[in-house]
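Residue numbers for the sequence shown, in the working numbering: 1 to 214.
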Amino acid sequence: NLGIGCVAKGGKSAAHHGEKMEIKQEACPDQECKKCIEICPVNALAKDEAGFIIRDESKCRRCRFCHSTCKHGMFITDSHIGADQFVAQMVDNALGVVKAMGKDNIFYLNLAIDIVPQCDCSGVSDVPFVPDIGILASMDPVAVDQACVDKVHESLASPYSKAWELELGKGSEKLSYIYGNKGDGPVRTWEVQLSIAEEMGLGSREYDLVDLDS
């Protein structure tokens with residue numbers, strides 16, 4: 001939510017698709033169409049007399065509205081980036097949000113409830129793969145995320161969940177295997193995220209867990 005939900009479309013897009021944003025070096029096939037020009041919020045686009053799209057690099061903020069509206073494929077972006085690159089960009093986004101708002105002005109709540117394998121934006125869901133853990137809170141986003149990861153790994157797998165099918169028992173690195181299949185190697189993007197976040201000064205992975213009575 002910090003590195004994706006709290007940033008503008010340009011930041012979201014950069015995390016998912018990378019920084020690449022190019023225009024085809026050919027004339028637009030529809031000379032009458034000006035949708036990309038009209039939708040640009042900073043007036044960075046124009047067409048020359050030959051129909052070539054011109055972009056003012058000093059204005060463009062990579063929001064990719066033009067890419068979204070163009071039906072002729074004139075705008076080229078990275079269609080896919082690696083998981084580690086996505087995580088690194090997301091952490092960089094989060095650091096920008098914290099710097100803008102001030103780290104002392106943000107309090108973090110992690111609702112470790114109904115934890116499913118997929119991201120909320122995937123459009124599908126599954127059985128939560130561990131029992132509900134509870135609500136964790138901190139002034140440090142890295143510490144609270146590390147605590148959540150540790151609690152997930154300490155938990156038993158929920159019956160008939162993906163973790164249960166993969167035989168990921170108590171103490172196993174469930175987040176390293178939950179996106180793969182049995183026999184696949186670990187995918188430790190959670191470790192990449194926390195390590196980069198600590199290196200960038202977003203917070204510390206060290207924490208003291210204090211249980212509060214309900």
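Yeah, the Cβ is synthetic: ideal placement off N, Cα and C, and Gly gets one too.
Nearest in C-alpha terms to residue 178, of all of 44, 165, 170, is 165. Residue 15 and residue 50 do not touch by the CB rule: their CB atoms are close to 35 angstroms apart, not below 8 angstroms.
Annotated three-state conformation of residue 175 is helix, per DSSP. Under the DSSP assignment, residue 100 falls in the alpha helix (DSSP H) whose first and last residues are 83-101.
Taking C-beta separations shorter than 8 angstroms and ignoring five residues to either side along the sequence, the partners of residue 59 in its chain run 42, 43, 44, following chain order. The stretch 4-13 makes contact with the stretch 53-70: 3 or more CB pairs, one atom from each, lie closer than 8 angstroms.
Put simply, the backbone Cα of residue 195 is about 19 angstroms away from that of residue 81.
The beta carbon of residue 187 is closer than 8 angstroms to those of 83, 176, 177, 179, 180 in its chain, skipping five residues each way along the sequence.
Rounded to whole angstroms, residue 143 and residue 9 show a C-alpha spacing of 27 angstroms.
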